[in-house]
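Encoded as structure tokens, the structure appears first; notes follow it.
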Amino acid sequence: MDDQRPQLPNVFTDQATGQRISLLDWQASNRRASWLLSLFMIGLLGGIGYLAALAFDPGGAIFFVGIAAVLAVTQSAAAYWFSDKMALAAAGARPATVQEHRYLVNVTEAVAIGAGVPAPKLYVIDSPVPNAFATGRDPEHGTIAVTSGLIKLLDRQELEGVVAHEMAHIKNYDIRLMSMLAATLGAIVLLRDLVLRSLRFGGRRSGRGGGRAQAIGMILLVVLLIVAPLLASLLRLAVSRRREFLADATGAYITRNPEGLARALEKLRDFKGKLEVSEGVRHMFFINPVLKLNANSLLATHPPIEERINRLRRM
Amino acid sequence: MGWIVLIILVALALYAVYLYNRIVTLENRYQNAWSQIDVQLKRRTDLVPNLVETVKGYAAHEKEVFTRVAESRERMLRAGSIDEQAEAANMMTAALRSVFAIAENYPELKANENFRVLQEELAGIENKIAYARQFYNDAVLQFNNAIKTVPGVFLAGPMGKRPHVYLEIPETEREVPQVSFRPAS
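First to last, the sequence lines map onto chains A and B.
If you count by our numbering, then the first sequence holds residues 16 to 330, one letter each, in order.
If you count by our numbering, then the second sequence holds residues 4 to 188, one letter each, in order.
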């Protein structure tokens with residue numbers, strides 16, 4: 016009786032290590048890595064605040080740490096509540112209607128049933144270039160936007176694959192994590208500018224003479240100010256790439272059809288043309304709208320398409 | 004010594020309560036998953052008269068096909084148990100497929116806007132049934148695992164819970180909608 020149950024593709028070979036790993040383990044390790052990186056970035060932010068305090072005025076430590084904390088919290092909160100509306104507006108997306116986009120609506124509702132999540136809201140971007148992105152802080156507020164070109168170019172299985180990939184981002188809380196990381200990075204940059212400005216114009220506030228701790232603090236601060244934003248961006252990109260692989264694997268699991276998603280990726284790779292979107296939302300898309308064939312770069316938001324296809328074909 | 008025994012007994016009792024709730028939750032989940040399939044089957048049954056009406060306007064003499072569709076709809080409406088519903092659903096799937104097969108011979112029908120909407124709706128429903136069935140089987144798998152493995156297996160007997168059967172999934176492409184509902188027992 017139980018033997019009739021078909022095998023699920025939840026175990027596959029990791030190309031990087033050649034090991035066979037299960038999807039669940041991989042999801043867990045991705046989650047751990049993401050949270051560690053987030054903690055690291057918040058620590059970085061706090062460190063800058065503390066060193067700034069040390070360098071300027073040890074008595075005013077609370078002032079700078081406080082600013083750092085307030086910046087991080089407000090930016091994260093803003094990202095948490097408004098990132099979906101901002102992203103949709105930036106991409107020029109309009110709500111999809113059942114009358115006009117029956118096919119897309121049917122495909123999405125079907126995949127949502129399979130994934131066991133509420134059907135996400137749907138938006139359409141009028142552009143011949145095939146692409147898609149997901150936004151929304153949790154599955155209850157999930158939103159998927161696709162271009163009209165994507166609907167035209169892909170058959171049902173391929174569209175299911177792309178929609179399932181985007182739904183995986185929602186289900187895995189990727190959007191929440193990425194917008195929080197972006198907000199933390201923004202706060203670090205803001206704090207850097209704040210400190211640099213007060214260095215230039217305000218000078219030192221303390222008249223109590225520079226102690227040794229203060230001098231060391233100042234040097235460390237300058238180094239950190241230069242390194243921190245770079246380090247934070249690299250970390251954010253690393254998280255982004257990991258999350259793309261994870262969404263591919265989760266999407267393949269939801270549809271039980273890695274081949275559909277792989278074929279969709281091939282079609283998108285071979286399509287000539289670029290989607291004009293602002294830099295701030297590029298990382299959210301199914302494939303990077305501008306750089307399609309870049310190599311395994313530290314600065315890429317997405318893994319190379321070839322590698323994504325290869326991993327799907329190995330499942 | 005007595006205290007330690009008491010603490011262990013209380014911990015065991017709490018764990019048994021947790022296990023009991025988990026088994027009930029998983030059972031509810033797969034029963035709820037069936038209602039997902041049920042909703043789609045009902046929607047499909049409701050669309051059938053509309054489809055027949057539209058097709059008759061162009062291909063009135065294809066009586067055999069219409070009879071089959073009407074029969075399957077009758078059985079669907081009468082079906083009580085999950086087995087009966089599954090069988091009627093299979094019949095309807097086959098009947099609808101023959102409707103869309105004959106439609107290929109009538110270009111004017113194929114160009115009809117109403118027909119095209121119905122065709123997409125019915126294809127969408129077939130697809131949703133396939134996914135709902137997949138989710139149902141996932142839920143049944145979780146339930147069966149919970150009551151067949153230690154420690155759930157110790158509670159399943161007293162609770163009167165037995166492994167549930169899966170819905171058979173045919174080895175076909177999803178693009179060509181094909182639904183087989185025969186329980187695989």
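All residues carry an ideal CB built from backbone N, CA and C; glycine is no exception.
| Asked | Found |
| --- | --- |
| Simplified DSSP state of residue 301 of chain A, which is helix, strand or coil | coil |
| DSSP three-state assignment for residue 308 of chain A, whether helix, strand or coil | In this prediction, residue 308 of chain A scores a pLDDT of 49, lower than 50, which makes its location untrustworthy; the coordinate-derived value is nonetheless stated afterwards. In the structure shown, residue 308 of chain A sits in coil (DSSP, three-state: anything other than H, G, I, E or B). |
| Whole-angstrom distance between residue 176 of chain A and residue 130 of chain B, CA atom to CA atom | 14 Å |
| Residue from A:280, A:173, A:248 whose Cα sits closest to the Cα of residue 204 of chain A | A:248 |
| Supposed contact pair residue 324 of chain A and residue 146 of chain A - C-beta distance, whole angstroms, cut 8 Å | Rounded, the Cβ-Cβ distance is 16 Å, inconsistent with contact. |
| For residue 140 of chain A, the residue or residues it bridges with in DSSP | A:108, A:162 |
| Residues bridged to residue 147 of chain A (per DSSP) | A:161 |
| Own chain partners of residue 23 of chain B with C-beta closer than 8 Å, once the 5 adjacent residues on each side are dropped | 158, 162 |
| Residue 124 of chain A: contacting residues in chain B (beta-carbon distance under 8 Å) | 127, 131 |
| Contact with chain B by residue 271 of chain A, beta-carbon distance below 9 Å | yes |
| Chain-ordered neighbours of residue 138 of chain B on chain A, where CB pairs are closer than 9 Å | 128, 129, 130, 131 |
| Proximity below 9 Å, CB of residue 159 of chain A to CB of residue 181 of chain A | yes |
| Spatially closest choice to residue 119 of chain A from A:174, A:329, A:156, by CA coordinates | A:174 |
| Member of A:98, A:229, A:318, A:266 whose CA lies at the smallest distance from the CA of residue 66 of chain A | A:229 |
| Nearest residue (CA-CA) to residue 96 of chain B, options B:110, B:84, B:78 | B:78 |
| Neighbouring residues, chain B, relative to residue 118 of chain A (Cβ below 7 Å) | 123 |
| For residue 236 of chain A and residue 111 of chain A, the rounded distance between their alpha carbons | 49 Å |
| Classification of residue 35 of chain B by the beta-carbon crowding that lies within 10 angstroms, buried from 16 upward | exposed |
| Cβ pair residue 18 of chain B, residue 154 of chain B closer than 9 Å | yes |
| For residue 9 of chain B, the three-state DSSP class (helix, strand or coil) | helix |
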